[in-house]
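Engineer: Under the UniProt record's numbering, think of the first position of the sequence shown as 1, with each following residue one higher.
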Amino acid sequence: MRTDLARQITGALKLRDVMEFYGVKFNGRGFAKCPFHTEKTASLSIKNEHYKCFGCGAYGGIIDFVMELYGLSFQQALVKLDSDFSLGLIGRKPTYRERQQMAENRRIERAYNQIKADRHKEYLTLCKIHSVLFRRLCNGEEWLRETVEKLDDLLDDFSGEEARLWETAMT
Ligand SMILES: [Zn+2]
1 MRTDLARQIT GALKLRDVME FYGVKFNGRG FAKCPFHTEK TASLSIKNEH
51 YKCFGCGAYG GIIDFVMELY GLSFQQALVK LDSDFSLGLI GRKPTYRERQ
101 QMAENRRIER AYNQIKADRH KEYLTLCKIH SVLFRRLCNG EEWLRETVEK
151 LDDLLDDFSG EEARLWETAM T
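1. Helix, strand or coil for Phe31 per DSSP?
2. Rounded to the nearest angstrom, how far is the Cβ of Phe36 from that of Ala58, given a contact under 8 Å?
3. Leaving out the 5 sequence neighbours to the left and right, which residues in its chain are closer than 8 Å to Met1 when beta-carbon positions are compared?
4. Give the straight-line distance between the Cα atoms of Ser22 and Leu155, rounded to the nearest whole angstrom.
5. Of all the options Lys116, Asp118, Lys150, Ala117, which has the alpha carbon lying nearest to the alpha carbon of His130?
6. For ligand 1, any of its heavy atoms closer than 7 Å to the Cβ of Ala42?
7. Suppose contacts are defined by Cβ-Cβ distances below 8 Å. Is Thr147 in contact with Leu124 by that definition?
8. Would you mind working out which of Ala12, Val24, Leu13, Arg7 sits nearest Glu109, comparing C-alpha positions?
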């Protein structure tokens with residue numbers, strides 16, 4: 001029963017769509033930066049509906065991906081996929097109106113996830129620059145103080161980004 005449902009769910013979805021929906025971005029050559037470890041170059045790719053990361057060895061299918069990414073059990077991952085992709089395989093079938101609303105929500109969430117991933121990358125870059133300059137400042141390059149402080153403020157601003165991200169995703 002449990003595996004029947006899993007088969008229905010994985011049969012209804014494509015791994016790449018699922019991964020993109022949850023914020024993973026693939027480059028032109030079909031590689032993505034692995035969401036399970038921090039890396040500079042994309043080393044995760046998909047083959048036969050399974051992802052594999054050549055950096056950390058992460059490997060699996062659609063359900064493994066969701067379990068791993070959200071720390072869910074097998075059953076919870078099925079429920080999440082069923083609901084996020086409006087498959088209607090668990091419980092009652094949603095009405096037409098509900099399906100429309102879910103599709104809309106999905107569109108917004110996808111945009112949001114993308115923006116969030118982009119912003120996160122910018123944030124990490126700024127953090128790196130900041131730590132380099134800060135080290136130089138600590139080593140006596142006093143003239144860098146103003147720049148380091150400006151970067152401090154900029155990094156603080158990022159914590160207030162969440163609300164604005166939603167606004168962007170909605171338009
Ligand atoms: Zn990895």
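Note that beta-carbon positions come from the ideal geometry of N, C-alpha and C, so glycine has one too.
Structural biologist: To lay it out plainly:
1. strand
2. 5 Å
3. Unreliable placement is indicated for Met1, whose pLDDT of 47 sits below 50; the coordinate value is still reported in the next sentence. Same-chain partners within the cutoff: there are none.
4. One point to set straight first is that residue 22 is Tyr, not Ser, in the sequence displayed. Pairing Tyr22 with Leu155, the inter-Cα distance amounts to about 25 Å.
5. Closest by alpha carbon: Lys150.
6. No, the beta carbon of Ala42 sits no closer than 7 Å to any heavy atom of ligand 1.
7. no
8. Val24
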